[in-house]
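Colleague: In the numbering used here, the protein residues as written are 2 to 264.
All C-beta atoms, glycine included, are put in the ideal place defined by N, C-alpha and C.
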Amino acid sequence: MSKAFPFVKLDERRSQTKPRTTGLTLVKDYQTGLEALEDTLAVAAEYVDIFKFVTGTTRLLNRDFVKAKTALLRKYQIQPYLGGQFQEYVLHTMGVEAFPQHLEEAKELGFEIVEVSDNVVPFPDGVRKNLVDQIRDLGMIPIVEVGDKKENSSAEDVVNDVLQTLEEGSAFAMIEAQELMIGSEPNEELIHHLKAEVNVGRCMFEISSPYIGSTLPEIHVGKKFLLKTFGPDVNLGNILLVDVIETEASRLGLAAAGPLSFQ
Numbered sequence: 002m003s004k005a006f007p008f009v010k011l012d013e014r015r016s017q018t019k020p021r022t023t024g025l026t027l028v029k030d031y032q033t034g035l036e037a038l039e040d041t042l043a044v045a046a047e048y049v050d051i052f053k054f055v056t057g058t059t060r061l062l063n064r065d066f067v068k069a070k071t072a073l074l075r076k077y078q079i080q081p082y083l084g085g086q087f088q089e090y091v092l093h094t095m096g097v098e099a100f101p102q103h104l105e106e107a108k109e110l111g112f113e114i115v116e117v118s119d120n121v122v123p124f125p126d127g128v129r130k131n132l133v134d135q136i137r138d139l140g141m142i143p144i145v146e147v148g149d150k151k152e153n154s155s156a157e158d159v160v161n162d163v164l165q166t167l168e169e170g171s172a173f174a175m176i177e178a179q180e181l182m183i184g185s186e187p188n189e190e191l192i193h194h195l196k197a198e199v200n201v202g203r204c205m206f207e208i209s210s211p212y213i214g215s216t217l218p219e220i221h222v223g224k225k226f227l228l229k230t231f232g233p234d235v236n237l238g239n240i241l242l243v244d245v246i247e248t249e250a251s252r253l254g255l256a257a258a259g260p261l262s263f264q
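#1: With distances taken Cα to Cα, identify the nearest neighbour of residue 66 among 111, 40 and 22.
#2: For residue 148 and residue 31, I'd like the C-alpha separation in whole angstroms.
#3: Tell me whether the segment 48 to 63 and the segment 78 to 98 touch, counting them as touching only if at least three CB pairs, one residue from each stretch, are closer than 8 Å.
#4: Just how far apart, CA to CA, sit residue 198 and residue 255?
#5: So within the segment 54 to 79, which uninterrupted alpha helix (DSSP H) runs reach at least 4 residues, ignoring any that extend past its ends?
#6: Under a three-way DSSP split, which group does residue 198 fall into?
#7: Are there three or more Cβ pairs, one per stretch, closer than 8 Å when the segment 183 to 196 is compared with the segment 219 to 229?
#8: Leaving out the 5 sequence neighbours to the left and right, which residues in its chain are closer than 8 Å to residue 48 when beta-carbon positions are compared?
#9: Identify the continuous alpha helix (DSSP H) that holds residue 136 and give its terminal residues.
#10: If we count the other Cβ atoms within 10 Å of its Cβ and call it buried at 16 or more, is residue 60 buried or exposed?
#11: Does the Cβ-Cβ distance between residue 35 and residue 70 come in under 9 Å?
#12: Taking residue 206 as part of the beta strand (DSSP E), name the residues at either end of that continuous run.
#13: Measuring alpha carbon to alpha carbon, tell me which of 79, 210, 243 and 23 ends up nearest residue 200.
#14: What does residue 173 pair with, by DSSP beta-bridge criteria?
#15: Measure the alpha-carbon distance for residue 150 versus residue 3 and round it to whole angstroms.
#16: Figure out for me which residue from 155, 165, 212 and 152 has the closest Cα to the Cα of residue 144.
#17: By the DSSP assignment, the beta strand (DSSP E) with residue 114 in it spans what residues?
#18: Tell me the DSSP secondary structure of residue 19 in three-state form.
#19: State the Cα-Cα distance for the pair residue 115 and residue 11, rounded to the nearest angstrom.
#20: When we look at the beta-carbon of residue 50 and count the other beta-carbons within 10 Å, is it buried (16 or more) or exposed?
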């Protein structure tokens, strides 16, 4: 189906077709129903690559609903993603021995990606690598979150953690939003260190949110800085479903910030 204004050229640096390997957009979601989701995907599915069921909310949902939702996402070439704090809860309350059953259920429900994080419950040495291996052994994709939700780490610590995470087999390193902002401003020191020292094509940058104290204008400032620093094909995480088109427009210079190539 032809797009409106087809004669208007778009930034050629942006990956336009799915499945993408760079320029991924990860959406986070709590409870969107099937009809509402289908309505949104009918308009915006080509701009969504990964769909995250956040924290432990999946435990509260009807099993058949979860299976129907993940099937709908796969229909649109969108990978269902199980948020990391759910795994933390399981490991803390049930122990590492419960993880295989947890993963089997995730696979049965249709999840393709499982996040590993230790923001709330720190892991002893070797546990993170073991969890990543278990995820891969079941044919699913591990993504490990890097950074602290409570305070900013040093740029050196974050860079080293990203490198270790990728070496341990994580498909991507998910950079915690808290690390990418200092107060109301982007953490330019960390972001420039990441650009210089790691493969940013294998990093996913979380967009900030009100949950960590950012206002809406600050969230847009942070997103704009990432796009200016890394270009339109940077991997962006934790985008709200209602912001998918706005985010794609920002990538292409069609949003309020204007064309990136002119800035």
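Modeller: Let me spell this out:
#1: Within the sequence shown, the letter at position 65 stands for residue 66. The candidate whose alpha carbon is nearest that of residue 66 is 111.
#2: The sequence position of residue 148 within the sequence shown is 147, counting from 1. The sequence position of residue 31 within the sequence shown is 30, counting from 1. In a straight line, the C-alpha of residue 148 is about 23 Å away from that of residue 31.
#3: In this structure the segment 48 to 63 lies against the segment 78 to 98, because at least three pairs of beta carbons, one per stretch, are closer than 8 Å.
#4: Your numbering for residue 198 matches position 197 in the sequence shown. Your numbering for residue 255 matches position 254 in the sequence shown. The straight-line gap from Cα to Cα measures roughly 30 Å.
#5: Runs of the alpha helix (DSSP H) lying entirely within the segment 54 to 79 and spanning at least 4 residues, in chain order: 64 to 76.
#6: For the purposes of this step, residue 198 is taken as the residue at position 197 of the sequence shown. Residue 198: helix per DSSP, three-state reduction.
#7: Touching, yes, given that three or more Cβ pairs across the two stretches are closer than 8 Å.
#8: Along the sequence shown, one-based indexing puts residue 48 at 47. Closer than 8 Å at Cβ, skipping near neighbours: 26, 245, 246, 248 and 249.
#9: On the sequence shown, residue 136 is found 135 positions in, with the first residue counted as 1. For residue 136, the uninterrupted alpha helix (DSSP H) run begins and ends at 128 to 138, by DSSP.
#10: Position 59 of the sequence shown, counting from 1, holds the residue named residue 60. Under this definition residue 60 is an exposed residue.
#11: Numbered from its first residue, the sequence shown carries residue 35 at position 34. Numbered from its first residue, the sequence shown carries residue 70 at position 69. Cβ distance < 9 Å, so residue 35 and residue 70 count as in contact.
#12: As a working mapping, residue 206 is identified with position 205 in the sequence shown. In the DSSP assignment, residue 206 falls within the beta strand (DSSP E) that extends over 204 to 207.
#13: Numbered from 1 along the sequence shown, position 199 holds the residue referred to as residue 200. Proximity to residue 200 across 79, 210, 243 and 23 peaks at 23, based on C-alpha coordinates.
#14: As a position in the sequence shown, residue 173 is number 172, starting the count at 1. DSSP lists 144 as the bridge partner or partners of residue 173.
#15: In the sequence shown, residue 150 corresponds to position 149, counting from 1. In the sequence shown, residue 3 corresponds to position 2, counting from 1. About 43 Å.
#16: The residue labelled residue 144 in the question sits at position 143 within the sequence shown. When the alpha-carbon of residue 144 is set against those of 155, 165, 212 and 152, the nearest one is in 165.
#17: The residue labelled residue 114 in the question sits at position 113 within the sequence shown. Counting along the chain, the unbroken beta strand (DSSP E) around residue 114 starts and ends at 114 to 117.
#18: Residue 19 sits at position 18 when you count from the first residue of the sequence shown. Residue 19 falls in the coil class under three-state DSSP.
#19: The sequence position of residue 115 within the sequence shown is 114, counting from 1. The sequence position of residue 11 within the sequence shown is 10, counting from 1. Between the alpha carbons of residue 115 and residue 11 lies a gap of roughly 33 Å.
#20: What you label residue 50 is simply residue 49 of the sequence shown in a count that begins at 1. Around the beta-carbon of residue 50, 16 or more other beta-carbon atoms lie within 10 Å, marking it buried.
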